[in-house]
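Numbering-wise (my numbering), the sequence shown opens with residue 7 and increments by one.
Positions of the beta carbon are idealized from the N, C-alpha and C atoms, including for glycine.
Report on the following structure.
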Amino acid sequence: MNAKDYVIPFIENVFPIKKGFRVLEIGAGEGGVLRSFIEKGCTAVGVELDPLRVEWACGFLWEEIGRGSLHFVEKDIYKTDIEVDLKGKFDLILLKDVIEHIHDQPRL
Numbered sequence: 007m008n009a010k011d012y013v014i015p016f017i018e019n020v021f022p023i024k025k026g027f028r029v030l031e032i033g034a035g036e037g038g039v040l041r042s043f044i045e046k047g048c049t050a051v052g053v054e055l056d057p058l059r060v061e062w063a064c065g066f067l068w069e070e071i072g073r074g075s076l077h078f079v080e081k082d083i084y085k086t087d088i089e090v091d092l093k094g095k096f097d098l099i100l101l102k103d104v105i106e107h108i109h110d111q112p113r114l
């Protein structure tokens, strides 16, 4: 699924995504979804548990990471510190195709 053609329009049916938004994706994989948000002027943080997928993301999105538009956290979402690891609050939080894999969802 292409985030630019499907995910972003779906979200924008509810509210517009604005330049400067901070976007968090839990279970970000290789970061493909986040790239579409960065192209709209957002900054993004991807949390991913799988070290290989984070490695691929860093190779795939090295320019975005270098510009400071994207930051990856290789950690269990329950073990992240919102201030230290995630650097504060977000305008939008995504859990695309991942919520069903997260245990103890009420805690999240």
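If residue i sits next to residue j, beta carbons under 8 Å apart, how far is it from one beta carbon to the other, in whole angstroms?
| i | j | result |
| --- | --- | --- |
| residue 76 | residue 47 | Not really, about 13 Å apart at Cβ, beyond 8 Å. |
| residue 32 | residue 99 | 7 Å |
| residue 58 | residue 41 | Going by Cβ atoms, the distance from residue 58 to residue 41 rounds to 18 Å, so no, they are not a contact pair. |
| residue 54 | residue 72 | Actually they do not touch by this definition, with Cβ atoms about 19 Å apart. |
Could you say which of the options lies nearest to residue i if we only look at CA atoms?
| i | options | result |
| --- | --- | --- |
| residue 22 | 97, 102 and 101 | 97 |
| residue 80 | 66, 92, 49 and 29 | 92 |
| residue 5 | 18, 44 and 85 | The question about residue 5 has no answer, for the chain in this structure spans 7 to 114. |
| residue 38 | 19, 78 and 82 | 78 |
| residue 50 | 70, 58 and 82 | 70 |
| residue 26 | 95, 56 and 101 | 95 |
| residue 82 | 56, 18 and 102 | 56 |
Pick helix, strand or coil for residue i, following the three-state DSSP scheme.
| i | result |
| --- | --- |
| residue 23 | coil |
| residue 31 | strand |
| residue 36 | coil |
- Flag this pair as touching only if the stretch 61 to 73 and the stretch 8 to 24 have three or more C-beta atom pairs under 8 Å; answer yes or no. no
Practice task
With a floor of 4 residues, list each alpha helix (DSSP H) that falls wholly inside the stretch 46 to 111, ordered by position along the chain.
Solution key: 57 to 66 and 68 to 73
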